[in-house]
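Using my numbering, the letters of the sequence shown map in sequence onto residues 1 to 176.
Please read the structure below before turning to the comments.
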Amino acid sequence: MPLHARTVIANEKKADLFLSIHANSSPYTKIGGIDVYYLNFTRSADALDVAARENASSENSLFELRDLVQTITLHDKIEESKEFASKVQRALQTFEIRYNVATKNRGVKKAPFAVLIGASMPSVLAEIGFLSNAREEQLLKRPDHRQRLAEALYQGVSRYAQSLSHFQVAQRASSE
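And the structure:
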């Protein structure tokens with residue numbers, strides 16, 4: 001599914017939030033960690049590098065994306081997305097500590113991700129580990145690790161939603 005189609009679907013379904021989950025990669029196999037991005041432009045070479053890799057399948061050039069981002073930033077959702085990213089990042093950091101996962105917290109960053117452009121709701125992209133890092137690749141292959149990551153992401157979404165007065169958070173399904 002093309003990157004831009006994902007936000008089109010979210011907009012059509014009138015989603016309240018948009019969370020895009022990705023596994024990162026790098027030519028440097030020792031690099032690892034978890035980071036969360038929100039849509040905006042940056043001068044960070046690292047963030048631009050990640051965005052370039054993620055946007056490779058997009059039909060838009062980086063210059064077209066820049067124009068779109070500038071239009072979007074004039075309107076709204078940047079501050080909301082930044083706060084949403086912070087809640088998701090904190091939940092992932094808590095997960096790392098609770099389960100003693102020695103993964104670097106790479107923080108909240110801004111970058112021009114094609115998948116986030118056009119979302120009419122707060123939107124973030126979570127990089128949940130590096131497939132190019134052998135240790136993190138092995139972790140991501142484990143169902144228990146993926147389940148815990150999913151629970152951490154749920155906690156981040158839930159915390160953000162609870163910080164807003166008009167949200168009701170869906171209850172987790174019982175495993176009984």
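Don't be surprised by glycine CBs; every beta carbon is placed ideally from N, CA and C.
Since we're looking at a predicted model, the values are computed, not measured.
Handout entry: Buried versus exposed, by CB contacts within 10 Å (16 or more), Lys13
Key = It is exposed - the Cβ of Lys13 has fewer than 16 other Cβ atoms within 10 Å.
Exercise for the section: Please classify Lys87: is it buried, with 16 or more other beta-carbons within 10 angstroms of its beta-carbon, or exposed? Expected result: With 16 or more other Cβ atoms inside 10 Å of its own Cβ, Lys87 counts as buried.
Exercise for the section: Output the distance between the C-alpha atoms of Met1 and Asp16, rounded to the nearest integer angstrom. Expected result: Approximately 21 Å, taken between the alpha carbons.
Practice task
Could you please give me the residues that DSSP links to Phe18 through a beta bridge?
Solution key: The secondary-structure analysis by DSSP pairs Phe18 across a beta bridge with Ser123.
Problem - At least three beta-carbon pairs within less than 8 Å, the stretch 20-36 to the stretch 124-137 - result: Remark: three or more beta-carbon pairs, one from each stretch, lie closer than 8 Å, so the stretch 20-36 and the stretch 124-137 are flagged as touching.
Problem - Residues near Tyr160 by beta carbon distance below 8 Å, same chain, minus five either side - result: Excluding its 5 nearest sequence neighbours in each direction, Tyr160 has C-beta neighbours in its own chain below 8 Å: Leu17, Glu83, Phe84, Lys87, Val88 and Pro122, listed in chain order.
Problem - Start and end residues, alpha helix (DSSP H) containing Lys141 - result: Ala134 to Lys141 is the span of the alpha helix (DSSP H), which, as asked, contains Lys141.
Exercise for the section: Report yes if the CB atom of Phe95 is closer than 8 Å to the CB atom of Leu131, and no otherwise. Expected result: Result no, Cβ atoms of Phe95 and Leu131 do not sit closer than 8 Å.
Handout entry: Distance between Val124 and Asp46 (C-alpha atoms, nearest Å)
Key = So the two alpha carbons sit approximately 17 Å from each other.
Exercise for the section: Put Tyr160 into one of helix, strand or coil per three-state DSSP. Expected result: It is helical.
Handout entry: Of the listed residues Val36, His145 and Asn40, nearest to Asn100 (C-alpha basis)
Key = Relative to Asn100, the option among Val36, His145 and Asn40 whose CA is nearest is His145.
Handout entry: First through last residue of the alpha helix (DSSP H) which encompasses Val88
Key = Run containing Val88: Ile78 to Arg98, per the alpha helix (DSSP H) assignment.
Handout entry: Residue closest to Ser163, alpha-carbon to alpha-carbon, out of His4, Ser20, Ser81 and Arg6
Key = If you compare the alpha carbons of His4, Ser20, Ser81 and Arg6 with that of Ser163, the shortest gap goes to Ser81.
Exercise for the section: Can you say whether Tyr37 is buried or exposed, counting buried as having 16 or more other CB atoms within 10 angstroms of its CB? Expected result: With 16 or more other Cβ atoms within 10 Å, it is buried.
Problem - Buried versus exposed, by CB contacts within 10 Å (16 or more), Lys110 - result: Looking at its Cβ environment, which holds 16 or more other Cβ atoms inside 10 Å, Lys110 is buried.
Practice task
Tell me where the beta strand (DSSP E) around Ile34 begins and ends.
Solution key: Segment Ile34 to Leu39, the beta strand (DSSP E) holding Ile34.
Exercise for the section: State yes or no: is the C-beta of Leu39 within less than 8 Å of the C-beta of Leu116? Expected result: Contact check for Leu39 against Leu116 passes: the beta carbons are separated by less than 8 Å.
Handout entry: DSSP state of Ala102 mapped onto helix, strand, coil
Key = Assignment of Ala102 by DSSP, reduced to helix, strand and coil, places it in the coil class.
Handout entry: Inter-residue Cα distance where the pair is Thr29 and Gly129
Key = Pairing Thr29 with Gly129, the inter-Cα distance amounts to about 12 Å.
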